[in-house]
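S.K.: Okay, here's the structure, questions in a sec.
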């Protein structure tokens, strides 16, 4: 009984069903809480894929910081529950639903599973085998954090610095946009 | 034999479809942003699964950058929502038609 | 009888990983669940001694009144028999969920603490850390970060303006001090070269500093220790940072609509989080489960003349657990002492301390220690 496989399938199905539930909620707080649960499940899936740093970073950054900002905004602004749409289905919605049904049938049978494996093998890859020309790992695969850190600060250093500038720009932008305008005859908002 | 990373790619595709449906069918800007977060999470799952498939570490590094970009986008988007709510007291996308020609 | 016992033993041995995991998680849960009653008693007696009175000493079990140790039992029985209510206008689901989140996050975070060095059972080496990710103590940070939601949900779901304000202020405080907490621990990662707590503890009992001090984190980087202890107080909403649940200020803040066992679930989570963070401080800064000048390898070699190797590791593990609990007890004592000695911060002072004083100090600390460690590694 491969517990890893079973846990992964259970978490994946739960994450998909919960995210489907999330997009049909009326109250914003419920949707935000369900999304936090989805992110935690995703972190569990990352852990099962042996990406421990990604799992910890997912919970710390996504579920523990980004969603906190969402929850703060929802609670402070006291956003009302949304009235769900009623009326007919448009053409785009019908196409999307049909695509989803076809995809579910394809993935549920051997057809889809074989497609992906054949696709992966046609590129000369195999599951777990490093393609030629790819950067080798600096440390053994069990030292996940060291590998991520060495790759990020050696191969992707420019991207790292640019992303830090992006975060700085976003922080300044967010503060400037959300600040209260202090005009001479402004009323309290 | 179906292995974990392949399954991760399937689930990522499924969640991507769900997020796409959310962005298309909700008119509330906050819900659209929540659905965009689902889209980004699905992409992250795909990156980490691909990293496990090929045995390299680049997928996880890119996932980290995607997470940082998602944080920035969430911060700026929520600041815009706060500004919108302050001036118009409504965050439905249908009500934001002041620039419509 | 012999056959069935042998079969049980064989089953246990073949699934030793699963059995060991369940045993370690059970041990961590038992320890975490015992913290709250003991801390309730400690807090009331120590507060009394600080305030020059005696404190509860009347409650006894079967007439055995020793220092009022029966008081937590009486408190628990009283809380269990109180009326359990949900306010009429409150959001039922989140009202029930909020104390569960706080309590569960406290109990889950404690699973990342190493209790002793490896023990050897029937030839298998078992790492005495219930959750041993490659990301080390980031797991603890993750669970602490999720504990913010208990407070925010409690405030929002109570449908009460004071509760909402208190809840949002408390969660803003917690996420502000998380940054300084992470930055305070970053230099320790530089110094010990790993995120793994067992590696850090092993590196701390390696050699002696200046010949007589144990190579503890508190001597290698005292500023990190000070910053971490301050943020530890802020993360658990304890005085001097407890504006959110201070009774005189905001009518008990986010807890105002909670009574009986739900209220005590919050405190279970808070005390478990206090224990976890104190244990993390002990592991990173005070050498964890190792006795100061006596590494566990020496301890095992001292015990080996009397017992075989495997029971020696078990005895050393028990001693290690006792040492860890002693060091945690020092910090819990410090928590209670600070609560009844220091005045409370006002909210804007609190946020200023977190963002304007602690964050730049932690950043400068990171830069300075990175330079020092880099130069020392190069030479």
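Protein chains in written order, with this note's numbering: chain F, 1368 to 1556; chain L, 50 to 150; chain W, 921 to 1299. Backbone N, C-alpha and C fix where the C-beta goes; we use that ideal spot for every residue, glycine too. Here the structure is a predicted model, which means the values were calculated and not measured.
Contact criterion: CB-CB distance below 8 Å. Does residue 1175 of chain W meet it with respect to chain F?
M.R.: For residue 1175 of chain W, the answer is no, since every Cβ of chain F falls outside 8 Å of its Cβ.
S.K.: Okay, do the region 1010-1025 of chain W and the region 1188-1200 of chain W touch, 3+ Cβ pairs below 8 Å being the bar?
M.R.: With a cut-off of 8 Å, the region 1188-1200 of chain W and the region 1010-1025 of chain W count as touching, because enough Cβ pairs lie within range.
S.K.: Please report the straight-line C-alpha distance between residue 1538 of chain F and residue 991 of chain W, rounded to a whole angstrom.
M.R.: Their Cα atoms are separated by approximately 50 Å.
S.K.: Below 8 Å between beta carbons is the criterion; list the residues of the region 119-137 of chain L that meet it against any residue of chain F, in chain order.
M.R.: Those would be 119, 120, 121, 122, 123, 124, 125, 127, 128, 129, 130, 131, 132, 134 and 135, in chain order.
S.K.: Suppose the cutoff is 7 Å on Cβ atoms and the five residues either side in sequence are ignored; what does the same chain contact list for residue 1059 of chain W look like?
M.R.: The residues are 1032, 1051 and 1053.
S.K.: How far does the beta strand (DSSP E) with residue 1040 of chain W in it extend, from its first residue to its last?
M.R.: Start and end: 1039-1041.
S.K.: Go to residue 1045 of chain W, then tell me how far its beta strand (DSSP E) extends in each direction, as first and last residue.
M.R.: From DSSP, the beta strand (DSSP E) with residue 1045 of chain W extends over 1044-1046.
S.K.: Using 8 Å as the limit for Cβ to Cβ distance, is residue 1110 of chain W near chain F?
M.R.: False, the Cβ-Cβ gap to chain F never drops below 8 Å.
S.K.: Check whether the Cβ of residue 1401 of chain F lies closer than 8 Å to any Cβ atom in chain W.
M.R.: With 8 Å as the cut-off, residue 1401 of chain F does not count as an interface residue toward chain W.
S.K.: Flag this pair as yes or no: are the beta carbons of residue 1201 of chain W and residue 1255 of chain W separated by less than 8 Å?
M.R.: No; because the gap between Cβ atoms is not below 8 Å, this pair is not in contact.
S.K.: Got a sec, what are the start and stop residues for the alpha helix (DSSP H) residue 1111 of chain W sits in?
M.R.: 1081-1112 is the extent of the alpha helix (DSSP H) around residue 1111 of chain W.
S.K.: Just verifying my parser: in three-state terms, what is the DSSP assignment at residue 1019 of chain W?
M.R.: It is helical.
S.K.: Give me the chain L residues within the contact set of residue 1395 of chain F, using Cβ-Cβ distance strictly less than 9 Å, ordered along the chain.
M.R.: Result: 77, 79, 80 and 83.
S.K.: Please report the distance separating the alpha-carbon of residue 1523 of chain F from that of residue 1533 of chain F.
M.R.: Going from the Cα of residue 1523 of chain F to the Cα of residue 1533 of chain F covers about 15 Å.
S.K.: Below 8 Å on C-beta distance, what does residue 1068 of chain W contact in chain F?
M.R.: Near residue 1068 of chain W (Cβ distances below 8 Å), the residues of chain F are 1431 and 1435.
S.K.: Using a Cβ-Cβ cut-off of 8 Å, state whether residue 1449 of chain F counts as contacting chain L.
M.R.: Taking Cβ atoms only, chain L reaches closer than 8 Å to residue 1449 of chain F, which makes this a yes.
S.K.: Please classify residue 83 of chain L: does DSSP put it in a helix, a strand, or coil?
M.R.: Helix, per DSSP.
S.K.: Suppose you measure from the CA of residue 947 of chain W to the CA of residue 940 of chain W; what does that come to, to the nearest Å?
M.R.: Straight-line Cα distance between these residues: approximately 10 Å.
S.K.: When you compare only the Cα positions, how much space is there between residue 99 of chain L and residue 1461 of chain F?
M.R.: Going by the C-alpha atoms only, they are around 31 Å apart.
S.K.: Using the Cα positions of residue 1135 of chain W and residue 1041 of chain W, report the straight-line distance between them to the nearest angstrom.
M.R.: Their Cα atoms are separated by approximately 30 Å.
S.K.: Output the boundary residues of the alpha helix (DSSP H) element that contains residue 1284 of chain W.
M.R.: Where residue 1284 of chain W is concerned, the enclosing alpha helix (DSSP H) stretches over 1279-1298.
S.K.: Kindly indicate the opening and closing residues of the alpha helix (DSSP H) around residue 1231 of chain W.
M.R.: Segment 1229-1259, the alpha helix (DSSP H) holding residue 1231 of chain W.
S.K.: Determine the DSSP secondary structure at residue 1449 of chain F, reduced to helix, strand or coil.
M.R.: DSSP places residue 1449 of chain F in coil when its eight states are reduced to three.
S.K.: Which same chain residues, not among the five before or five after residue 1079 of chain W, have their C-beta less than 6 Å away from its C-beta?
M.R.: Within the same chain, residue 1079 of chain W has close Cβ partners 1009 and 1010.
S.K.: State yes or no: is the C-beta of residue 1155 of chain W within less than 8 Å of the C-beta of residue 1206 of chain W?
M.R.: Not a contact, by the Cβ cut-off of 8 Å.
S.K.: Smallest Cα separation from residue 1547 of chain F: which of L:146, L:131, L:149 and L:141?
M.R.: If we check each option's Cα against that of residue 1547 of chain F, L:131 comes out closest.
S.K.: At the 8 Å Cβ level, is residue 967 of chain W part of the contact set with chain F, yes or no?
M.R.: No - not a single Cβ of chain F is within 8 Å of the one on residue 967 of chain W.
S.K.: So with CB distances below 7 Å, who are the chain W contacts of residue 1471 of chain F?
M.R.: Per Cβ cutoff of 7 Å: no residues; residue 1471 of chain F is ~30 Å from chain W at best.
S.K.: Kindly indicate the opening and closing residues of the alpha helix (DSSP H) around residue 937 of chain W.
M.R.: Counting along the chain, the alpha helix (DSSP H) containing residue 937 of chain W begins and ends at 936-970.
S.K.: What did DSSP end up calling residue 141 of chain L once you bin it into helix, strand or coil?
M.R.: Strand, per DSSP.
S.K.: Taking the beta carbon of residue 1126 of chain W as the centre, do at least 16 other beta carbons fall within 10 Å, making it buried, or is it exposed?
M.R.: Exposed.
S.K.: Which one of W:1153, W:1001, W:1003 and W:1037 has the shortest CA to CA distance from residue 1234 of chain W?
M.R.: For residue 1234 of chain W, the nearest C-alpha among the options comes from W:1037.
S.K.: Identify which residue in W:1093, W:1115, W:1108 and W:1296 has its Cα closest to the Cα of residue 1157 of chain W.
M.R.: When only C-alpha atoms are compared, the closest one is W:1093.
S.K.: Determine, using beta carbons only, whether residue 1421 of chain F comes closer than 8 Å to chain L.
M.R.: True, the Cβ-Cβ gap to chain L drops below 8 Å.
S.K.: Could you tell me if residue 1553 of chain F is buried or exposed, where buried requires 16 or more neighbouring beta carbons within 10 angstroms of its beta carbon?
M.R.: At residue 1553 of chain F, the pLDDT of 48 sits below 50, so the modelled position is not reliable; the number obtained from the coordinates is stated separately. With fewer than 16 other Cβ atoms within 10 Å, it is exposed.
S.K.: Measuring CA to CA, which of F:1511, F:1396, F:1398 and F:1444 is closest to residue 1422 of chain F?
M.R.: Considering only alpha carbons, the answer is F:1511.
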